[in-house]
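Numbering (this note's numbering), first residue to last: 404 to 877.
Data first, discussion second: the structure below is written as structure tokens.
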Ligand code: PFF
């Protein structure tokens, strides 16, 4: 069975692929700014605590579900519940959600591809114009970049688990790390860079409030690719001979380290260009930062390294973000494919063709909903705001359903799947685990406060996004 579905060749293969999924646009751009705006070093401490105390047990839950069942999310919920249709249907949420997130993430990855290729062809000055992003997102040339992006993602996925996903992660992840560190070292040599570091790292406890806790948890949860069915599916490709806990710990450490190191790049770069920048006024949205603000930052580097130098730096930066986005996109596109292979009996090739076709139509619609077609651009109004098809996908699937799926995973591992089997799966090949303090903490937290917290986050997101109401200030 596992032979036909594919399997990672080693622990390293799993770690790099899972870290490739986790390290995304969120780490490289959103994290540094969210951290700086929310107390710097103080935010970091809260973030790390959430990763360790809340996200880590959920990661173990998802990976163990995948490995024990050897299946995609629907198959995992169904098989481990002893063939319960209700749980199988709930597992369907963890197929639909990654499908829709793949659509919205593809649109952003297509923009990154365009920015990288345009910076490389000497058009950085055009990208840095204030109106550029608005024009780009409504320009039909995007479909050309869409074809390139989809071709690369599907080419990687066609190689299967070992020859495609793992191989791509083994090339892209180390390259990403090297590029990131090289860019950090360069930026730190610029005047005023230290000012940026100070803003990023010095703790400001006066900024800590309930909203900071909420953003730290939301961010940690999304950053580790939780609630997307990804870790269930990647867990199903993870060999029974390997230890889950150690591998999972490394994935969490890598993801958090990349986010932390990205801050050593973004903040010093922003301050080097404008030492008087007011960080509180910077947008927290990754999209406006990457596509509107950072091109201006790179263009201003012209004064130091010349236009060609600035274009090379921008190209490297967008390539770095592109690599991170690609490995995330590959991971999320794999989920519906694994479902079709397991549940529908499709060959990988047929599943890829079906996914390419259906996702292609949705990606075109989402792309056209950002100014090309009026009906899609203002599709519905909720929370007092007019929303496009793209916004609806983002709000509904990325911002709302993820914590709910996380909640389901906790309840499932604690109360539906036999707890002893869950514990045995996590501790397989790791005799000391079952009697460890960590195992007691994981069992206790997954069955008590973690699902409560995730349900609160879910309820709060629903209230805020759809009704414009902030529950309990949380
Ligand atoms: N961890 C990813 C990030 O920080 O960008 C989250 C993610 C989003 C993974 C979308 C995969 C994906 F398709």
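For glycine and all other residues, C-beta sits at the position ideal for the given N, C-alpha and C.
- Query: When the Cα atoms are used, what is the spatial distance from residue 804 to residue 465?
  - Reply: 16 Å
- Item | Where residue 783 sits in the DSSP three-state scheme | Strand at residue 783.
- Message: I'd like to check one pair, residue 723 with residue 431: are the Cβ atoms closer than 8 Å?
- Response: yes
- Query: Taking just the CA atoms, how far does residue 632 sit from residue 710?
  - Reply: One alpha carbon belongs to residue 710, the other to residue 632, and they sit about 44 Å apart.
- Message: Just checking residue 789 against the ligand PFF - is the residue's beta carbon closer than 7 Å to any of the ligand's heavy atoms?
- Response: no
- Task: Assign residue 788 to one of three DSSP states: helix, strand, or coil.
- Result: In this structure, residue 788 counts as strand in the three-state DSSP scheme.
- Which ranges does the alpha helix (DSSP H) cover as unbroken runs of at least 4 residues, wholly within the region 493-558, from first to last along the chain? 527-530 and 535-540
- Query: Between which two residues does the alpha helix (DSSP H) carrying residue 749 extend?
  - Reply: First-last for residue 749: undefined, no H or E at that position.
- Item | For residue 788 and residue 872, the rounded distance between their alpha carbons | Residue 788 has its alpha-carbon roughly 13 Å from the corresponding atom of residue 872.
- Task: Give the DSSP-derived three-state secondary structure of residue 668 in the structure shown.
- Result: helix
- Item | Outcome for residue 752 when other beta-carbon atoms lying within 10 angstroms are tallied against a minimum of 16 | Answer is exposed; the Cβ neighbour count stays below 16.
- Query: Considering residue 577, what are the terminal residues of the alpha helix (DSSP H) in which it resides?
  - Reply: 570-591
- State the Cα-Cα distance for the pair residue 404 and residue 864, rounded to the nearest angstrom. For residue 404, the predicted structure reports a pLDDT of 42, less than 50, and the residue's modelled location is therefore unreliable. The matter cannot be settled from this model.
- Message: Counting C-beta neighbours from all protein chains within 10 Å, is the total for residue 649 16 or more, i.e. buried, or is it exposed?
- Response: exposed
- Message: Can you tell me whether residue 637 is buried or exposed? The criterion is at least 16 other CB atoms within 10 Å of its CB, across all chains shown.
- Response: buried
- Spatial distance of residue 877 from residue 826 (CA atoms): In this prediction, residue 877 has a pLDDT of 48, which is less than 50 and means its spatial position is unreliable; what the coordinates show is noted afterwards. About 32 Å.
- Near the ligand PFF: residue 508 beta-carbon under 7 Å from a heavy atom: At least one heavy atom of the ligand PFF falls within 7 Å of the beta-carbon of residue 508.
- Item | alpha helix (DSSP H) runs wholly inside the region 621-701, at least 4 long, in chain order | 633-639 and 647-676
- Keeping to the same chain, check which residues put their C-beta closer than 7 Å to that of residue 496; ignore five residues upstream and five downstream. Same-chain partners within the cutoff: 804 and 808.
- Message: For residue 814, which residues in the same chain have their Cβ closer than 7 Å to its Cβ, ignoring the five residues on either side in sequence?
- Response: 854
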